[in-house]
Amino acid sequence: MMPAYQRLETLPEEILPVKYPRDAGWRPAAADNPLNAWYWRCEIAGAGDGVLAGRTVAVKDNICVAGVPMMNGSALLEGYVPDHDATVVTRILDAGGTIAGKATCEDLCFSGASHTAATGPIHNPHNPDHSAGGSSGGSAALVASGAVDMALGGDQGG
């Protein structure tokens, strides 16, 4: 098994270039984030055309967006700013999508509810007595409320 790992260490790490201009964006104030579904707001416009042209996309906060803060729902990672885009982010931008920000996720994505994020619970846009779900609760709440056209989520639990 070790020779396989040693071989992997010799392979070049291909990182796609950051192709679309952006600034770091901002952490929305509570009044502008009533569902607590946004961890971070930004606007990164992709290619002028493509199948996602004119569509807004929220990215779950466990996915790298270059120059945009990321905390993966955990105070342990607060302050981390990736220097590269995840492949899925590059592909969304290449397809003409606009990244509208990072969606709040559960603390290290370890919960199936919507109450463990370091920034506080994520609220269900249709019934505050119900969970928004997790660990991609921010993504779900943003789409369900109409704040974005689509959002990336993920299943780290299997």
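Count along the sequence shown starting at 1, add 1, and that's the number in my numbering. Don't be surprised by glycine CBs; every beta carbon is placed ideally from N, CA and C. Remember, it's a predicted structure, so these values are computed and weren't measured experimentally.
query                                                                                             : result
Contacting residues, own chain, Cβ-Cβ under 8 Å from Ser146 (five flanking each side not counted) : Leu36, Ala38 and Pro126
Extent of the continuous alpha helix (DSSP H) run through Ala141                                  : Gly138 to Ala145
Glu44 in three-state terms, based on DSSP                                                         : strand
C-beta atoms of Val60 and Ala104 nearer than 8 Å                                                  : yes
Sub-8 Å separation of Thr99 and Glu10 beta-carbons                                                : no
Whether Asp62 touches Met71 by CB criterion (8 Å)                                                 : yes
Span separating the alpha-carbon of Leu94 from that of Arg8                                       : 33 Å
Cross-strand partners of Val58 (DSSP beta bridge)                                                 : Ile100 and Met151
N-terminal and C-terminal residue of the alpha helix (DSSP H) that Pro35 is part of               : Segment: none, Pro35 is in no alpha helix (DSSP H) and carries neither H nor E.
Status (buried if at least 16 other CB within 10 Å, exposed otherwise) for Asp50                  : exposed
Glu14 to Asp130 span [Cα, whole Å]                                                                : 46 Å
Nearest residue (CA-CA) to Ser115, options Val90, Ala142 and Ala96                                : Ala142
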